[in-house]
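**Q** Note that my numbering gives residue 292 to position 167 of the sequence shown, counting from 1, and the numbers run on in steps of one.
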Amino acid sequence: HYSPTARAALTPARMADASLRWLALLLILALLLPTPSAAQAETPTGPIAPTVNGVISLATSPNDSAQVLAGTINTPELSTIFRSADGGATWTAAGTGLRPDISISDIAYDPANPSVVLAADGGFGYLFRSADGGSTWAEVPAFKALIGENSAVGELYSAAVNGVTTFYAGTRFDGVLTSTDGGQTWQSSDLGLAGDARRVRSFQMFNGVMY
């Protein structure tokens, strides 16, 4: 505290000079201290998304969890399947073989042979097969011929029994289709399904029984 004598000695000019010094000190401190925005900018944000499109399907290789495939919806950009070999830290777009106007509703590996992967289209009902773990793809045209014009695939499931893999495809209106040769040929397996039960959206095997 200033004494009355000292306070009286503080002329308006000296008071203004002292105020400017305090203001300068505060400005220096403000520049030295990190602002919330700067601190936030330096905070790690994790893996960068490979696309602005929404991811609607994911699958990991049954023998290597670092191998991940991600399928996208077909908006706002053209869709594709993205591959990661490091658990999702970095991504690359799949190679040739996919149509540009599809939405990858589901992806399924062959548990007995992870090099074989299937990808389903939830908009038009196309099916694609990869023989190299998802690097490149080829359409399976015979599959589309087995379902109706307005049907599509919402779910893929694979299960290996005694070393033989069966792929299951749940459709929008046409029940279940199955394949026992790695997705190359398909047949209808919808006996017992009628009405709304032909709209199959999920599978689960328990004790050898498929639900």
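C-beta atoms are modelled at their ideal positions from N, C-alpha and C, and glycine is treated no differently.
Values in this document were obtained by computation on a predicted structure and should not be read as measured data.
1) Val-278 and Ser-255: beta carbons closer than 9 Å?
2) Considering only residues of the same chain and omitting the five flanking positions on each side of Arg-323, which have a CB-CB separation below 7 Å?
3) Count the other C-beta atoms from every protein chain shown that fall within 10 angstroms of the C-beta of Leu-135, then say buried if there are 16 or more, exposed otherwise.
4) With H, G and I counted as helix, E and B as strand and the rest as coil, what does DSSP make of Arg-326?
5) Near Pro-161, what residues of its chain come up, given a Cβ to Cβ distance below 6 Å and the 5 sequence neighbours on each side ignored?
6) Quick one, which of Asn-188, Thr-261, Asn-199 has its alpha-carbon nearest Pro-236's?
7) Ser-182: which of Ala-233, Gly-273, Arg-224 sits nearest, CA to CA?
8) Here's the rule I'm using: 16 or more other beta-carbon atoms within 10 Å means buried, otherwise exposed. How should Thr-205 be labelled?
9) To the nearest angstrom, how far is it from the Cα of Leu-203 to the Cα of Pro-225?
10) Which complete alpha helix (DSSP H) runs does the segment 213-288 hold, if anything under 4 residues is left out?
11) With a threshold of 16 other CB atoms inside 10 Å of the CB of Gly-196, please say whether the residue is buried or exposed.
12) Between the C-alpha atoms of Ile-227 and Gly-320, what's the straight-line distance to the nearest angstrom?
13) Is it true that the CB of Ser-230 sits closer than 9 Å to the CB of Asp-211?
14) Leu-302 bridges to which residues according to DSSP?
15) With distances taken Cα to Cα, identify the nearest neighbour of Thr-176 among Gly-213, Ser-186, Thr-221, Glu-264.
16) In angstroms with no decimal places, state the Cα-to-Cα distance between Phe-268 and Leu-223.
**A** In brief:
1) In this structure, Ser-255 does not lie closer than 9 Å to Val-278 by Cβ.
2) Counting only Cβ-Cβ distances below 7 Å, and skipping sequence neighbours, we find Phe-298, Asp-299, Gly-300, Asp-315.
3) With a pLDDT of only 47 at Leu-135, under the threshold of 50, the placement of this residue in the model should not be trusted; the figure read from the coordinates follows. Exposed, since its Cβ has fewer than 16 Cβ neighbours within 10 Å.
4) Residue state, collapsed to three classes: coil.
5) Low confidence applies to Pro-161: its pLDDT is 42, below 50, so where it sits in the model is not reliable, and the reading given next is rough at best. Beyond the five residues adjoining it in sequence on each side, Pro-161 comes within less than 6 Å, by CB distance, of no other residue in the same chain.
6) If we check each option's Cα against that of Pro-236, Asn-188 comes out closest.
7) Nearest option by C-alpha distance: Ala-233.
8) Using a 10 angstroms sphere on the CB of Thr-205, the tally of other CB atoms reaches 16 or more, which defines it as buried.
9) For Leu-203 and Pro-225, the gap between their C-alpha atoms comes out near 6 Å.
10) Complete alpha helix (DSSP H) runs here, min 4: 266-269.
11) Gly-196 comes out buried.
12) A straight line joining the alpha-carbon of Ile-227 with that of Gly-320 spans about 27 Å.
13) With contacts defined by Cβ atoms closer than 9 Å, Asp-211 and Ser-230 do not form a contacting pair.
14) In the DSSP output, where bridge partners are listed per residue, Leu-302 has Ala-294, Ser-313.
15) Checking every option, the nearest Cα to that of Thr-176 belongs to Gly-213.
16) Roughly 15 Å between the two C-alpha positions.
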